[in-house]
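Colleague: Residue numbers (our numbering), protein chains in the order written: chain A, -16 to 234; chain B, 3 to 276. Beta carbons are placed, not taken as given, at the ideal position from N, Cα and C, and that holds for glycine. This one's a predicted model, so the numbers in the text were calculated from it and none came from an experiment.
(1) I want to see whether chain A comes within less than 8 Å of residue 95 of chain B, judged by CB atoms only; does it?
(2) Would residue 103 of chain A count as contacting chain B if we go by Cβ distances under 8 Å?
(3) Is the separation between the beta-carbon of residue 143 of chain B and that of residue 171 of chain B shorter than 8 Å?
(4) What number of angstroms, rounded off, separates the C-alpha of residue 199 of chain A from the C-alpha of residue 62 of chain A?
(5) Can you tell me whether DSSP reads residue 118 of chain B as helix, strand or coil?
(6) Among A/21, A/1, A/55 and A/67, which has the Cα closest to the Cα of residue 171 of chain A?
(7) Anything in the stretch 97 to 123 of chain B with a Cβ closer than 8 Å to a Cβ of chain A? List those residues in chain order, please.
(8) Within 10 Å of its beta-carbon, does residue 133 of chain A have 16 or more other beta-carbons around it, so buried, or fewer, so exposed?
(9) Can you grab the Cα-Cα spacing for the pair residue 177 of chain A / residue 157 of chain A, in whole Å?
(10) For the beta strand (DSSP E) that contains residue 213 of chain B, what are its first and last residues?
(11) Give me the Cα-Cα distance between residue 5 of chain B and residue 217 of chain B, rounded to the nearest whole angstrom.
(12) Start and end of the alpha helix (DSSP H) containing residue 193 of chain A?
(13) Does any residue of chain B bring its CB to less than 8 Å from the CB of residue 111 of chain A?
(14) Pick out whichever of A/195, A/210 and A/222 has its Cα sitting closest to the Cα of residue -2 of chain A.
(15) Which two residues bound the contiguous beta strand (DSSP E) that contains residue 234 of chain B?
(16) List the residues of chain A that residue 71 of chain B touches, going by C-beta distances under 8 Å, in chain order.
(17) By DSSP, does residue 77 of chain B sit in helix, in strand, or in coil?
(18) State the CB to CB distance for the pair residue 176 of chain B and residue 102 of chain B, rounded to an integer number of angstroms; the pair is presumed to be in contact (CB under 8 Å).
(19) For residue 26 of chain B, report the span of its beta strand (DSSP E) as first-last.
(20) Evaluate contact between the stretch 138 to 152 of chain B and the stretch 121 to 137 of chain A, counting only Cβ atoms and requiring at least three cross-stretch pairs below 8 Å.
(21) Mind reading off the beta-carbon distance from residue 112 of chain B to residue 158 of chain B? Whole number of angstroms is fine, and I expect it under 8 Å.
(22) Scan the stretch 161 to 177 of chain B for residues whose Cβ lies nearer than 7 Å to a Cβ of chain E and list them as they occur along the chain.
(23) Exposed or buried, which one is residue 227 of chain B when buried takes at least 16 other CB atoms within 10 Å?
(24) What does DSSP give as the partner residue(s) for residue 38 of chain B in the beta ladder?
(25) Could you please tell me which residues of the stretch 131 to 157 of chain B, in chain order, have their CB closer than 8 Å to any CB of chain A?
(26) Any beta carbon of chain A sitting closer than 8 Å to that of residue 185 of chain B?
(27) Buried or exposed, going by whether 16 or more other CB atoms sit within 10 Å of the CB of residue 35 of chain B?
(28) In whole angstroms, what is the alpha-carbon distance linking residue 139 of chain A and residue 112 of chain A?
(29) Checking contacts by CB at 8 Å: is residue 91 of chain B closer than that to chain A?
(30) Check this for me: beta carbons of residue 109 of chain A and residue 69 of chain B, under 8 Å apart or not?
(31) Judging by CA-CA distance, which residue of B/95, B/196, B/96 and B/146 is the nearest neighbour of residue 120 of chain B?
(32) Taking the alpha-carbon positions, what's the residue 109 of chain B to residue 252 of chain B distance?
(33) Going along chain A in order, which residues have a C-beta closer than 7 Å to the C-beta of residue 126 of chain B?
(34) What residue range does the beta strand (DSSP E) around residue 103 of chain B cover?
(35) Go to residue 218 of chain A, then tell me how far its alpha helix (DSSP H) extends in each direction, as first and last residue.
(36) Examine the Cβ distances between the stretch 84 to 93 of chain A and the stretch 138 to 154 of chain A and report whether three or more of them are shorter than 8 Å.
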């Protein structure tokens, strides 16, 4: 048990050190804008389909659940308000982060992990380059930009799904849904969701890069590191979601 | 095999000057596993020194300590008189432009072409025009016996021997003073092995490069070295010319050079008993 705690604290400390190194490298010129742009494009395009699919189905399901639950009180017409709040504040950012985090996090760890076990990261250092700047900074910046963008699109698709289901299942017109929704939504609902996804994006990249860089033990090690990344990312997203939600409410 | 020594025409080395690289009382462990207790070795300008020793004795660790990929526990490592111990990552950079390393797996960057691999250290240093970079890339490819067209290939398209040669081209792109070879011939066929060893000799003859070669292949060690150092149980057991190493009467050195494990003679003796 004490070994588990020690190794957790060690990883926690090392991730924090990595964050400091990454931020320092980020602020120092030259800025690798081309590489950052390429990574945003790659991460965004690769993850678009899975993010939108998740959003569409969660929009449908949540409307179905809320719709029938609210029907009991004769409040079905308010389903738009409830669903939109749920999607913007929680479902959009968290489900997108979980799905995209699993996908791009695993990809990042596998890529950097393979580089680590084939001595490519050592070679980079030996050739006088800083691998944190070359490899980690573009990925962290790109994920921090790409995840909120994906979340915005996921929110839109989720709400469109909800509107469609409200129309077919509960006979609520698009116009009515739309008006009800915007009558009650506040900027804070949108901003807190997007604010969370900025943090999620940052941490997904840092954690995935950390496990990638510290991969040891050949191809088997790459597989293990990838598994660890997916687990660590998921736990971190759920944990951070709670803390950030609480924090944003105070602010 | 005895005529290798006479074929080599290695440059004569001046051992009176200050060494270019010096290990002084270096100790290193990985957790409970002790690698070096007291490692001492002086490497002189222009020589090729080969470090031999059994697998897992820490030959590659010597190179990684020098280039700063690993940190020593205690002791000093000097490069041109400057102590490298305790330098941070940034302070290592000027030294890494003069010392480069050929990794065991060649460690080519898979995501970019051969040409971009060789151009990488030049782009890192900066100050080269695109034309100069392309010229350097071609020149280094030709120097390691590849055609300039190879620049367009992807690392995944290369054979093991070619990967090593591209790795070497990348290592010499910045025209370093010292090259560290980590097991340069491991996993290569005999033709590629002799190609690599003649490259090591040629770089020494033409460019006056100082080389540190880590290997357990005696053939390579005898072919390229001015001196051979034997690493054993955390220390340098002996440093001598290839001729003297070949004739050494020290049991550990003799067994290693002849490829015999300790106790070999007794076993051989037992097997001949009726």
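Modeller: Result, derived from the coordinates:
(1) yes
(2) yes
(3) Going by C-beta atoms, residue 143 of chain B is nearer than 8 Å to residue 171 of chain B.
(4) 51 Å
(5) helix
(6) A/67
(7) Answer set for the stretch 97 to 123 of chain B: 98, 99, 102, 103, 105, 106, 107, 109, 110, 111, 112, 122 and 123.
(8) buried
(9) 25 Å
(10) 212 to 216
(11) Note on residue 5 of chain B: pLDDT 41, under 50, position unreliable in the model; the coordinate value appears next. Roughly 21 Å between the two C-alpha positions.
(12) 170 to 196
(13) yes
(14) A/195
(15) 229 to 234
(16) 105, 108 and 109
(17) Strand.
(18) The Cβ separation is near 7 Å, so the contact holds.
(19) 23 to 32
(20) no
(21) About 6 Å separates the two Cβ atoms, so the contact holds.
(22) This model lacks chain E altogether; the protein chains it does include are A and B.
(23) buried
(24) B/30
(25) none
(26) no
(27) exposed
(28) 42 Å
(29) yes
(30) yes
(31) When each option's Cα is compared against that of residue 120 of chain B, the closest is B/146.
(32) 37 Å
(33) 110, 111 and 112
(34) In the DSSP assignment, residue 103 of chain B falls within the unbroken beta strand (DSSP E) covering 101 to 104.
(35) 201 to 233
(36) no
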